[in-house]
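Chemist:
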Amino acid sequence: MPSPNIKLFSFCGPLSTASTINLICSFECMLDIHKYDRKLERSFILLEESNICESNKKHIQSFARFSLANGISKPRVIKYLCYLKQLSELLGKDFEIVERQDIEKILEQLSCKQYSPWTVQSYKVIIKLFFKWLYGNTKEYPEIVSWINISISKNKSPRRMPNEFPTADDIVTLVTTAKSIRDKAFIACLGESGCRIGEIGNLAIRHVSFDKNGALLNVQGKTGFRPVRVVYSTYYLKKWFQEHPLKDKPDSPVWINTKGKLKKQISHQRLYELLQKTAKKSGLTKKVNPHSFRHGRGTFLSHFLTGYQLCNYMGWVPESKMPSVYIHMTAKDTNDMILQLNNIKTTNNIKENNMQVQRCKCEELVPITEICDCNTEELQKVVDKIK
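Counting the sequence shown from 1 gives a position; the numbering used here is that position plus 74.
Dropping the structure here:
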């Protein structure tokens, strides 16, 4: 077997865990609600402290550095470190003497355990990539792993129904229930944009711009930066920006802790807890997590946008298969169309909802469930008369 392709890192010399992390952190400096730098450092430390053989440790460390140097994201490299350490433990032998039957046995064990199809698929992908690198190949997979099929059969792929996800009215309920204007703005943005939690959570002040039609969020996702138009959220965003303690500092996080002297970025865990507490207080019984908002919005938009438009808005590459997931979920549209062609009336699949806006006489866009600030004094006079 050819020796591992470690020569790619010979210019660095041997790197300690600490110097590896310093090299990694120097590649970029940006907001990070997931604390990936900390998690990556911890993953290297756990690998170093593990009981797997030294040879395998070096292979995994070198593969991780190779991946980072070639633009693989930190969260994915963290997964590489975790899965390959577990693979080494399961194999119980040096990677250099692993044979095909060893891989077959491991994959059989994984399939028999109660892992999700996606977890098993991740193991397969990482195993193929790692041994491709280990054998020094850059174009083709070596025979030891070339046979591994990474596709997931449709009958094993977990599906959730559209009515399991938060609807537009559910989002309005959560926004109304939220206690602070910051929390209202966050829930509104997450629900309306359909963005990944990292995309919304890592917004800086300079990433948000307002115009007569609402706001544009310049989010950074898996496909790079993209502008995401929001309308309903604009009212709450503007109010939050008026109160934001660091609004005059463009690089400051949009979502910060307002208590205490240190106005730090809110972590992923804290944002998740915010959603859970608000949902419980509102009485909403659906599963509420950051990704369920994305699923719900994607399902809703699939009624109106083409596959290409949906990819562009949701941050998928044009050839992505993700739109088919949401189009499949809304197959009732096809059924309704067939019935209408046969002169059979159907109920409209798209219901009116409260996540809409109206343009006030002052030209501001205001949710239909709110009252514009310009009417506050006038409204107070009416309230006083009633009293």
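In this text, a Cβ means the ideal position worked out from N, Cα and C, and glycines have one as well.
All values reported here derive from a predicted model rather than from experimental measurement.
#1: Thinking just about the alpha-carbon of each residue, which of Ser254, Lys312 and Pro327 is nearest to the one in Cys446?
#2: Can you tell me which of Lys202, Asn237, Glu238 and Gly145 puts its alpha carbon nearest to the alpha carbon of Trp221?
#3: Go ahead and pull the three-state DSSP assignment for Gly288.
#4: Here's the rule: buried if 16 or more other CB atoms are within 10 angstroms of the residue's CB, otherwise exposed. What is Thr332?
#5: In angstroms with no decimal places, state the Cα-to-Cα distance between Trp390 and Thr380.
#6: Determine the DSSP secondary structure at Ser196, reduced to helix, strand or coil.
#7: Could you spell out where the beta strand (DSSP E) holding Arg303 opens and where it closes?
#8: State buried or exposed for Pro441, treating a residue as buried only when at least 16 other CB atoms are found within 10 Å of its CB.
#9: Looking at the secondary structure, which residues open and close the beta strand (DSSP E) in which Val431 lies?
#10: Using C-beta distances below 8 Å, list every residue in its chain close to Ser283, excluding the 5 sequence neighbours before and after it, in chain order.
#11: What is the DSSP secondary structure of Ala252, counted as helix, strand or coil?
#12: Given that a residue counts as buried once 16 or more other Cβ atoms are within 10 Å of its Cβ, and exposed if not, what is Trp192?
#13: Going by DSSP in three states, Ile218 sits in which element: helix, strand or coil?
#14: So the candidates are Phe378, Ile107, Val151 and Gly145; which of them puts its Cα closest to the Cα of Leu121?
#15: Please tell me whether Lys198 and Leu181 are closer than 8 Å, where the distance is taken between their beta carbons.
#16: Can you give me the C-alpha to C-alpha distance between Ile95 and Lys113, rounded to a whole angstrom?
#17: Are Leu358 and Asp244 close, meaning C-beta to C-beta below 8 Å?
#18: Indicate whether Phe239 and Gly370 have their beta-carbon atoms separated by less than 8 Å.
#19: Between which two residues does the alpha helix (DSSP H) holding Val151 run?
#20: What are the residues that DSSP puts in a beta bridge with Gly295?
#21: Could you spell out the range, first to last residue, of the beta strand (DSSP E) harbouring Leu121?
#22: What's the C-alpha gap between Cys448 and Ser394?
#23: Provide the residue(s) that pair with Ile330 in DSSP beta bridges, ordered along the chain.
#24: Assess contact between the region 361-375 and the region 296-314, defined as three or more Cβ pairs (one per stretch) separated by less than 8 Å. Is contact present?
#25: Are Ser117 and Leu161 closer than 8 Å when you measure CB to CB?
#26: With a Cβ-Cβ cutoff of 8 Å, do Lys258 and Val249 count as a contact?
#27: Report, in whole angstroms, the separation of the C-beta atoms of Asn276 and Asp111, which I expect to be a contact under 8 Å.
#28: For Pro149 and Lys435, I'd like the C-alpha separation in whole angstroms.
#29: Does the contact criterion of 3 or more C-beta pairs under 8 Å hold for the region 267-281 versus the region 319-328?
#30: Taking C-alpha atoms, which residue in Ala252, Asn363 and Ile330 lies nearest to Lys355?
#31: Return the Cβ separation of Ile274 and Cys263 in integer angstroms, given the expectation that the two are a contact with Cβ distance under 8 Å.
#32: According to DSSP, Leu439 sits in a beta bridge with which residue or residues?
#33: Helix, strand or coil: which one does DSSP assign to Val282?
#34: Tell me where the alpha helix (DSSP H) around Leu184 begins and ends.
#35: From Ile418 to His377, what distance separates their C-alpha atoms?
#36: Would DSSP call Tyr189 helix, strand or coil?
Modeler: For this structure:
#1: If we check each option's Cα against that of Cys446, Lys312 comes out closest.
#2: Ranked by how close their Cα comes to the Cα of Trp221, the residues Lys202, Asn237, Glu238 and Gly145 have Lys202 in first place.
#3: Reduced to three states, the DSSP call for Gly288 is strand.
#4: So Thr332 ends up on the exposed side.
#5: Rounded to the nearest angstrom, the two C-alpha atoms are 13 Å apart.
#6: Per DSSP, reduced to three states, the secondary structure at Ser196 is helical.
#7: Segment Gly298 to Val304, the beta strand (DSSP E) holding Arg303.
#8: Buried, since its Cβ has 16 or more Cβ neighbours within 10 Å.
#9: Per DSSP, Val431 belongs to the beta strand (DSSP E) from Val431 to Arg433.
#10: Same-chain partners within the cutoff: Ala289, Leu290 and Asn292.
#11: In the structure shown, Ala252 sits in coil (DSSP, three-state: anything other than H, G, I, E or B).
#12: Exposed, by the Cβ-count rule.
#13: If DSSP states are grouped into helix, strand and coil, Ile218 belongs with the helices.
#14: Taking only the C-alpha atoms, the option nearest Leu121 is Val151.
#15: The answer is yes: Cβ separation under 8 Å.
#16: Note on Ile95: pLDDT 44, under 50, position unreliable in the model; no value is reported.
#17: A distance below 8 Å separates the beta carbons of Leu358 and Asp244.
#18: Yes, these two residues count as a Cβ contact at 8 Å.
#19: Element bounds for Val151: Lys148 to Leu165.
#20: Residue pairing of Gly295 in beta bridges, as defined by DSSP: Gly298.
#21: Leu121 -> not in any beta strand (DSSP E); alpha helix (DSSP H) instead, spanning Tyr110 to Glu123.
#22: Their backbone Cα atoms lie some 45 Å apart in a straight line.
#23: Ile330 is bridged to Gln339.
#24: The count of Cβ pairs closer than 8 Å, one atom from the region 361-375 and one from the region 296-314, stays below three, leaving the stretches out of contact.
#25: No, these two residues do not count as a Cβ contact at 8 Å.
#26: Yes. Within cutoff.
#27: With 8 Å as the limit, Asn276 and Asp111 do not qualify as a contact, their Cβ atoms being about 13 Å apart.
#28: Their backbone Cα atoms lie some 47 Å apart in a straight line.
#29: Contact holds: three or more Cβ-Cβ distances are below 8 Å.
#30: It is Ala252.
#31: So it is a contact: roughly 6 Å between Cβ atoms.
#32: For Leu439, which the question treats as bridged, DSSP gives the partners Arg433.
#33: Reduced to three states, the DSSP call for Val282 is strand.
#34: Looking at the DSSP string, the run of the alpha helix (DSSP H) that includes Leu184 is Arg174 to Cys186.
#35: Each residue's alpha carbon lies about 21 Å from the other.
#36: Residue state, collapsed to three classes: coil.
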